[in-house]
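Remarks on the structure that follows.
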Amino acid sequence: MSGHTFQNKAIRWIDERMPIFTVMQHSAIDYPTPKNLNYWWNFGSLALFVLVIMLMTGIFLAMSYTPHVDYAFTSVERIMRDVNYGWLLRYLHMNGASMFFIVVYIHIFRGLYYGSYKAPRELLWWLGIVILLVMMATAFMGYVLPWGQMSFWGATVITNLFSAIPLVGEDIVTWLWGGFSVDNPTLNRFFALHYLLPFVLVAVVFLHLWALHTTKSGNPLGIDVKGPQDTIPFHPYYTIKDLFGVGVFLLFYLFFVFYAPNFFGEPDNYIPANPLVTPPHIVPEWYFLPFYAILRAVPDKLGGVVLMFGSILILFALPWLDRSRVRSARFRPIYKQVFWLFLIDCIVLGYIGAKPPEGAFITIGRIATAYYFAHFLIVMPLLGRLEKPRPVPQSISAPVLKPAAATAQMEKV
Amino acid sequence: MADTASHAHGAPGQGETRRDFLLYATTAVGAVGTAIALWPFIHSMNPAADVLALSSTEVDLSPIAEGQSITVTWRGKPVFIRHRTAREIEEARAADASGLPDPQKDEDRVQKAEWLVLVGVCTHLGCIPLGQKTSEPKGDYNGWFCPCHGSHYDTSGRIRKGPAPANLVVPEYTFLDDNRVRIG
Ligand code: HEM
Ligand code: FES
């Protein structure tokens, strides 16, 4: 990384001693980015934007929140009624969690479609999965904090998952609770961890970006950058495009915040936690529903838990499961279709996760679960061998610079 | 790409360009928008509605004998209520108000001469002055003495000696009847 020469003397003075401005110049301004990125590449920066909003609103909420079983619920109600703009902070935070998952799920499916997990971006992909896991833990513990009925029973059910572990399961659950049921010690530690984990997230996101800037962004064609003619500087081209994305995203996000703030929530969570009464129908937050469906698809306690965690952990193995040398689904006629089948399967799982486990829902849930794993363990490895990919363009610029020859090929794509 | 860029910039040497204008306009809107978005965060740290609702306290004065003081809490702060003796009133009125560090007449600090109501927070750096109990030092002027950095207040709660810059604050209060006062 050759040092950049800055005009401003103060900046130069600092930069010679710690090249922070050189790093910023390289990674946020000059950073060579493929010139053919489409809007699906906006979701990474959007996720970062949401993370910042979650941190900001969370820290300010924490200033008015009390992590004690006797006060948690009322302190949240006080935030809603008495704290200046408390309702806004809380609705931004609540809906922000949903937005975070929407954005990150799109980000992940973008990766699945364009083969972003393939060499040389495996580490980048794995760091992304770590982010997903930390996010899930954070969201789960955050949901417990308002200490409503769903908070309490969600915490009870999810922590009890660990009791499925043979031999030590019960001890682990007691350890997680700090007692013999979900109670004040549990709430206290969940608050501490809910405050901590987002900062862990910041650190892992930093590593994610480091890996990204080492391998550079992929692109919709899935081919390597061949030279400077294939890239444009990040600033102003992608800064402005990302900013535009943030604008559109804010319209979507703020629509919910201002007009349907409880759309993603459960009314039962406005009933204070009662350890003696379970609500008739407990469901997790929508972003956990597909995994919840997988958990319930298995009629065996340990089996369900293993499969549920397995459904996320299997993503780690993708670089080995998908042996196709072509990254982008654009040039993979069959994978392109099974991708959509897989997406539909995930939505079906989400739907089943929200339904009571009875009748046809059980059967559908089991089929969808089987297909989920079949997609990764059977379809992907087979396609890698059997599918005949279409020819990929020579370079990113080729179809543009030599229209006659290359566009004909592109057209079909 | 280089082509498009220079094209959008307009003819060279034209000075201000459309692109400059868009850049400044975007930056300005962004800056104002961010500032407005920050306000709810900052304002959420100001006193909340329930805190503001606690802003008055009623006190029954009948049990306070002449020469006695009580301390009540108002907005989380101590308020001194002193049933002054004739001598204390006389001392307070005798002082030449114009010669004090924070000139103010005793008449302007009380509604009824025998009842002195003060926020019991030293105007220096916020300690609570001594002098409420008979066992405590009252300072050189027979009022209150702040142990933190040695401020002396007189029987009207005015600063007479020491680092504090101002007299003890007289809160807003109203007599509901002869024996009851509402602070705030
Ligand atoms: C990193 C991403 C984060 C996610 C996904 C997340 C998720 C959540 C969720 C789902 C809730 C429950 C909302 C409700 O029903 O009211 C919640 C509540 C809460 N979160 Fe977070 N959170 C994040 C970051 C943070 C941070 C950084 C802090 C503070 C340092 C924080 C502090 C709080 C507090 C105090 C509550 C309880 C108040 C309330 O219920 O509104 N959160 N969080
Ligand atoms: S705080 Fe009272 S003298 Fe300094």
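Sequence lines, in order, name chains A and B. Heads up: the first sequence runs through residues -1 to 411, numbered per this note's numbering. Heads up: the second sequence runs through residues -9 to 174, numbered per this note's numbering. Even glycine gets a Cβ: it sits at the ideal position worked out from N, Cα and C. None of these values were measured; they are calculated from a predicted model.
Mind checking whether the beta-carbon of residue 153 of chain B lies closer than 7 Å to any heavy atom of the ligand FES? Numbered from 1 along the second sequence, position 163 holds the residue referred to as residue 153 of chain B. A heavy atom of the ligand FES is found nearer than 7 Å to the CB of residue 153 of chain B.
Contact set for residue 144 of chain A: own chain, Cβ-Cβ below 8 Å, skip 5 residues either direction: Walking along the first sequence from the start, residue 144 of chain A turns up at place 146. Closer than 8 Å at the Cβ level, and outside the excluded window around residue 144 of chain A, lie 70, 71, 74, 267.
Short CB-CB distance (under 8 Å) between residue 8 of chain B and chain A: Here the question's residue 8 of chain B lines up with position 18 in the second sequence. Not closer than 8 Å to any Cβ of chain A, the Cβ of residue 8 of chain B fails to qualify, so no.
Rounded distance between the beta-carbons of residue 121 of chain B and residue 134 of chain B, thought under 8 Å: Looking up residue 134 of chain B in the second sequence gives position 144. Looking up residue 121 of chain B in the second sequence gives position 131. 4 Å between Cβ atoms; contact.
I want to check one thing, is the minimum distance from the CB of residue 110 of chain B to the heavy atoms of the ligand FES below 7 Å? As a first step, residue 110 of chain B is located in the second sequence; it is residue number 120 there, counting from the start. The answer is no for residue 110 of chain B.
Step through the CB atoms of chain A and report whether any lies within less than 8 Å of the CB of residue 30 of chain B. Taking the second sequence and counting its residues from 1, one reaches residue 30 of chain B at position 40. Taking Cβ atoms only, chain A reaches closer than 8 Å to residue 30 of chain B, which makes this a yes.
Residue 405 of chain A (DSSP reduced to helix, strand or coil): By one-based count along the first sequence, residue 405 of chain A stands at place 407. Reliability of the predicted coordinates at residue 405 of chain A is poor, the pLDDT of 48 falling under 50, and no value is obtained from them.
Residues of the region 57 to 84 of chain A with a CB closer than 8 Å to any CB of chain B: list them in chain order, please. Of all residues in the region 57 to 84 of chain A, only 58, 61, 62, 76, 79, 80, 81, 82, 83, 84 place a beta-carbon less than 8 Å from a beta-carbon of chain B.
So, helix, strand or coil for residue 142 of chain B, using DSSP? The sequence position of residue 142 of chain B within the second sequence is 152, counting from 1. Residue 142 of chain B falls in the strand class under three-state DSSP.
If we define contact as Cβ-Cβ less than 8 Å, is residue 141 of chain B a contact residue for chain A? Position 151 of the second sequence holds residue 141 of chain B. False, the Cβ-Cβ gap to chain A never drops below 8 Å.
Apart from the five residues on each side of it in sequence, which residues of its chain come closer than 8 Å, Cβ to Cβ, to residue 50 of chain B? Within the second sequence, numbered from 1, the residue matching residue 50 of chain B stands at position 60. In chain order, 169, 170 place their CB closer than 8 Å to the CB of residue 50 of chain B, counting only its own chain and leaving out the 5 sequence neighbours on each side.
Within this structure, are the beta carbons of residue 294 of chain A and residue 348 of chain A separated by less than 8 Å? On the first sequence, position 296 is the one that residue 294 of chain A refers to. On the first sequence, position 350 is the one that residue 348 of chain A refers to. Their beta carbons are not under 8 Å apart, which means residue 294 of chain A does not touch residue 348 of chain A by this criterion.
Please list, in chain order, the chain B residues whose beta carbon lies closer than 7 Å to that of residue 86 of chain A. The residue given as residue 86 of chain A occupies position 88 in the first sequence. Going along chain B in sequence order, the residues near residue 86 of chain A (Cβ under 7 Å) are 30.
Can you give me the C-alpha to C-alpha distance between residue 99 of chain B and residue 82 of chain A, rounded to a whole angstrom? Mapped onto the second sequence, residue 99 of chain B falls at position 109. Mapped onto the first sequence, residue 82 of chain A falls at position 84. C-alpha separation (whole angstroms): 35 Å.
Which whole runs of the beta strand (DSSP E) in the region 20 to 82 of chain B are 3 residues long or more, in chain order? Those beta strand (DSSP E) runs which fall completely within the region 20 to 82 of chain B and span 3+ residues are 47 to 50, 59 to 64, 67 to 73.
One or two residues paired with residue 106 of chain B in a DSSP bridge: Here residue 106 of chain B refers to the residue found at position 116 of the second sequence. Beta-bridge partners assigned by DSSP to residue 106 of chain B: B:72.
Does any residue of chain A have a CB that is nearer than 8 Å to the CB of residue 59 of chain B? Translated into positions along the second sequence, residue 59 of chain B becomes position 69. Chain A contact via Cβ: absent.
Nearer than 7 Å: is that true of the beta carbon of residue 234 of chain B relative to any heavy atom of the ligand FES? Within the shown structure, residues of chain B are numbered from -9 to 174, placing residue 234 of chain B beyond reach of any answer.
Using 8 Å as the limit for Cβ to Cβ distance, is residue 54 of chain A near chain B? Counting from 1 along the first sequence, the entry for residue 54 of chain A is found at position 56. For residue 54 of chain A, a Cβ of chain B is located within less than 8 Å of the residue's own Cβ.
Can you tell me which residues form a DSSP beta bridge with residue 151 of chain B? Here residue 151 of chain B corresponds to residue number 161 of the second sequence, with the count starting at 1. Partner residues in the beta bridge of residue 151 of chain B, as assigned by DSSP, are B:142.
Is residue 272 of chain A helix, strand or coil by DSSP? Start at 1 with the first residue of the first sequence, and residue 272 of chain A comes out as number 274. In this structure, residue 272 of chain A counts as coil in the three-state DSSP scheme.
Under the three-state DSSP convention, the category residue 186 of chain B falls into: Residue 186 of chain B lies beyond the range of chain B shown here (-9 to 174); nothing can be said about it.
Could you give the distance in angstroms between the alpha-carbon of residue 260 of chain A and the alpha-carbon of residue 254 of chain A? Start at 1 with the first residue of the first sequence, and residue 260 of chain A comes out as number 262. Start at 1 with the first residue of the first sequence, and residue 254 of chain A comes out as number 256. Rounded to the nearest angstrom, the two C-alpha atoms are 8 Å apart.
Please report how far the alpha carbon of residue 60 of chain B lies from the alpha carbon of residue 78 of chain B, in whole angstroms. To locate residue 60 of chain B, count along the second sequence from 1; it is residue 70. To locate residue 78 of chain B, count along the second sequence from 1; it is residue 88. If I take the Cα positions, the gap works out to 16 Å.
What I want to know is whether the C-beta of residue 139 of chain B ends up closer than 7 Å to one or more non-hydrogen atoms of the ligand FES. Residue 139 of chain B sits at position 149 when you count from the first residue of the second sequence. A distance criterion of 7 Å places the beta-carbon of residue 139 of chain B in contact range of the ligand FES, judged by its closest non-hydrogen atom.
Spatial neighbours of residue 211 of chain A within its chain, please: CB distance less than 6 Å, with the 5 preceding and 5 following residues excluded, ordered by chain position. If you number the first sequence from 1, residue 211 of chain A lands on position 213. Same-chain partners within the cutoff: 25.
Is the CB of residue 177 of chain B under 8 Å away from at least one CB in chain A? Past the boundaries of the shown model lies residue 177 of chain B; chain B is included only from -9 to 174, so the question cannot be answered.
Beta-carbon proximity check, residue 199 of chain A vs residue 139 of chain A, cutoff 8 Å: Position 201 of the first sequence, counted from the start, is the residue given in the question as residue 199 of chain A. Position 141 of the first sequence, counted from the start, is the residue given in the question as residue 139 of chain A. No.
Starting from residue 237 of chain A, trace the alpha helix (DSSP H) in both directions and tell me its first and last residue. Here the question's residue 237 of chain A lines up with position 239 in the first sequence. Counting along the chain, the alpha helix (DSSP H) containing residue 237 of chain A begins and ends at 232 to 257.
Could you compute how far the alpha carbon of residue 39 of chain B sits from the alpha carbon of residue 33 of chain B? Looking up residue 39 of chain B in the second sequence gives position 49. Looking up residue 33 of chain B in the second sequence gives position 43. One C-alpha to the other measures close to 12 Å.
Check the Cβ of residue 38 of chain B against every Cβ in chain A and list those closer than 8 Å, keeping chain order. One-based indexing of the second sequence puts residue 38 of chain B at position 48. Within 8 Å Cβ-Cβ: 62, 76, 80, 81, 82, 84.
Considering Cα atoms alone, identify which of A:351, A:321, A:373, A:319 is closest to residue 338 of chain A. Position 340 of the first sequence holds residue 338 of chain A. Minimum Cα-Cα distance from residue 338 of chain A among the listed residues A:351, A:321, A:373, A:319 corresponds to A:373.
With three or more beta-carbon pairs closer than 8 Å as the criterion, would you say the region 294 to 311 of chain A touches the region 108 to 115 of chain A? In short, these stretches do not touch, since the Cβ pair count stays below three.
Listed from N- to C-terminal order along the chain, which residues in the region 69 to 80 of chain B have their beta-carbon within a distance smaller than 7 Å of any beta-carbon of chain A? Those would be none; no residue qualifies.
Cβ of residue 86 of chain A within 8 Å of Cβ of residue 30 of chain B? Taking the first sequence and counting its residues from 1, the one referred to as residue 86 of chain A is at position 88. Taking the second sequence and counting its residues from 1, the one referred to as residue 30 of chain B is at position 40. Yes; because the gap between Cβ atoms is below 8 Å, this pair is in contact.
Cβ-heavy atom distance, residue 251 of chain A to the ligand SAM, below 7 Å: With respect to small molecules bound, the structure shown includes the ligand HEM and the ligand FES and not the ligand SAM.
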